Every structure is written in structure tokens, then in C-alpha cells.
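Its first residue numbered 348, the sequence shown is counted upward by one per residue in our numbering. These notes concern the structure reproduced below.
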Amino acid sequence: MSTLSPSPDRLRADQLAALRAGLAHARAASGPALPFDVPALDDRLADHGLNGAGLHEFAAASATLSDDAAATLFAAGVAARFAAQPGLTVFWALTSFDLYAPGLQQVGLGPDKVFYAQGQKDSVVLAMAEDALRDGSLACVIAEVKAADQTATRRLQLAASDSQTPMLLYRRHRVRDRCPLTGLSSAMTRWRIGCVPSARLPHPGVGRPRWSVELVRQRNGNPFSLELDACDDTGRLDLPAAARNRAAPADRATSQAA
Numbered sequence: 348m349s350t351l352s353p354s355p356d357r358l359r360a361d362q363l364a365a366l367r368a369g370l371a372h373a374r375a376a377s378g379p380a381l382p383f384d385v386p387a388l389d390d391r392l393a394d395h396g397l398n399g400a401g402l403h404e405f406a407a408a409s410a411t412l413s414d415d416a417a418a419t420l421f422a423a424g425v426a427a428r429f430a431a432q433p434g435l436t437v438f439w440a441l442t443s444f445d446l447y448a449p450g451l452q453q454v455g456l457g458p459d460k461v462f463y464a465q466g467q468k469d470s471v472v473l474a475m476a477e478d479a480l481r482d483g484s485l486a487c488v489i490a491e492v493k494a495a496d497q498t499a500t501r502r503l504q505l506a507a508s509d510s511q512t513p514m515l516l517y518r519r520h521r522v523r524d525r526c527p528l529t530g531l532s533s534a535m536t537r538w539r540i541g542c543v544p545s546a547r548l549p550h551p552g553v554g555r556p557r558w559s560v561e562l563v564r565q566r567n568g569n570p571f572s573l574e575l576d577a578c579d580d581t582g583r584l585d586l587p588a589a590a591r592n593r594a595a596p597a598d599r600a601t602s603q604a605a
């Protein structure tokens, strides 16, 4: 007695069903995404926000102090929003304590929200960050390092996934002319942050800081770059007013009027 083999169409249908089931399982296993609440940014992200169970990397656009501060505050603003609920805290590990607490508070990360830990070298900082992730009780973990190979980032990604805790890895500039994000990494997203001129005010004074926010790489999505107003006191970014309320181009306005 012969056994009929499945038809090619049936095989393709079964394969498609298995693929859909695998994708559904992967989505269920990932943590909830934290949206930036800026549609121009969220709509370009594969998860429509930052995955709450993944590794995300940040670097300054250059080795200047201003870009370093912008990248630090960008990460701090993200951490502040992960820790927005009462009782949640952030663990921040680094080798050299050069953080400016009032600056962090201006983006929503007050002293009551952060535990700091200092290690003598990058390997110690990475180990502390992994242990903090596996604790599972923190809103977010931040680590500042000059170097982290793919094995180290894979361990952080696995620990973040297992504990459903977001991991923010700030890569400090080691060589002035080389971006820290050029090496291989297991991060879900990789960001490069720099300063750009703020909007002019109608009166003497300093306007809200503005950053160049570049997503260098993301899983299942494309890179992009935006100019955004810096984090406010709740850690939220915003689209510059000129971009949000921009008038239609002259040729388009003329054609519509005609």
C-alpha cells in the first residue's frame, strides 16, 4: 500500500504556518516596548519603541564633551521613562564617576531613582551589569564602557531577555576618529547622538537643546536620522516646532490653490 506525499502547496502552507507561529512566539517572549511618544520616531522603529527585554547601545556622534553629554542625557532620559513608576530604580555602572547629578535630574532621573556602582575596568562593569540584569527587580540597567566584544554583548542581551529588563550600554569614545559602534554587537538597536543648534528665540536667551538622533542599526528595521528637541524633565523627546507645524512647500501650495 503506497502512501501519498503531501502536495507542494500543502508543504508551503505548513511552512508558512510554522513561520507565523515562530514569529508569534518570539513576539510573546520579548518584553513590552517603550514608545518615545514621538510618531516620527516610533513609526520608524520595528517595535514602535525600545524593546523592554533587549540590549540597546548608545554612542556620541564625536569625542567632544557636548556630544558626550548629549548621548549621556539621551540614555538617562530613556532610563527615566523606564523607571517612571513609583518604586522602580535604575542601576548605573561605570569606571569613572563623572556624571553630573543636576543634569540627570533635568531629564527626569533624580538621585532617588539611581544606584551607582564603580568598577576598575570595563570587564568588571560588564559583569556588574549582567548580575544586575539577572536580579530582575530593576527598571533598567546602564553600563558605560570603552570596549565590549560580541561575546560580552551577547551575554547582556541574553540576560536582558531572561529577566525582561532593558539594558542600555553607553560606549565611550576610545579613539577620537573612530566611532565606537563600528564593531560587531548583539544589540537590538544602536544609536548615535550629537548636538545641533537649537532654535532661535525671539528674545535673548538659550533655547531648548536639540540633538541629532541617528539609529545606526536595528533588528528587523532600517536605519534613520532625525533632529529632535532634547529630553524634558520627564525624559521625553519632542519634534521641533518648526517641523511639526511646517507650512506646505510653495509649489504644492500654489498647485492646490489653482
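Just so it is clear, CB atoms sit at the ideal spot from N, CA and C, and this is done for glycine as well. Only a predicted model underlies this, so the values are computations on that prediction, with no experimental measurement involved.
Under 8 Å between C-beta atoms of residue i and residue j
| i | j | result |
| --- | --- | --- |
| residue 571 | residue 584 | no |
| residue 513 | residue 399 | yes |
| residue 437 | residue 461 | yes |
| residue 382 | residue 389 | yes |
| residue 565 | residue 536 | yes |
| residue 396 | residue 420 | no |
| residue 507 | residue 402 | yes |
Close beta carbons around residue i, own chain, < 8 Å, minus the five adjacent residues each side
| i | result |
| --- | --- |
| residue 359 | none |
| residue 422 | 405, 489, 515, 517 |
| residue 414 | 407, 408, 540, 541, 542 |
DSSP bridge partner residues for residue i (one or two, in chain order)
| i | result |
| --- | --- |
| residue 447 | Residue 447 pairs with nothing; no bridge assigned. |
| residue 518 | 492 |
| residue 542 | 558 |
| residue 575 | 558 |
Same chain, Cβ closer than 6 Å to residue i, five either side skipped, listed in chain order
| i | result |
| --- | --- |
| residue 581 | 455 |
Cutoff 7 Å; reference residue i; Cβ partners in own chain excluding five residues on either side
| i | result |
| --- | --- |
| residue 532 | 404, 497, 500 |
| residue 502 | 477 |
| residue 384 | 583 |
| residue 394 | 380 |
Length of the line joining the Cα atoms of residue i and residue j
| i | j | result |
| --- | --- | --- |
| residue 480 | residue 426 | 14 Å |
| residue 377 | residue 579 | Any reading at residue 377 needs caution, since the residue's pLDDT is 45, under 50, leaving its predicted position unreliable; the model's value is listed next. So the two alpha carbons sit approximately 28 Å from each other. |
| residue 528 | residue 410 | 13 Å |
| residue 447 | residue 463 | 13 Å |
| residue 558 | residue 457 | 22 Å |
| residue 459 | residue 445 | 18 Å |
| residue 586 | residue 554 | 14 Å |
| residue 467 | residue 547 | 43 Å |
| residue 482 | residue 417 | 29 Å |
| residue 495 | residue 550 | 46 Å |
Give, in chain order, every unbroken run of the beta strand (DSSP E) that is at least 3 residues long and sits entirely within the region 426-488. Taken in chain order, the whole beta strand (DSSP E) runs of length 3 or more contained in the region 426-488 are 437-441, 461-465.
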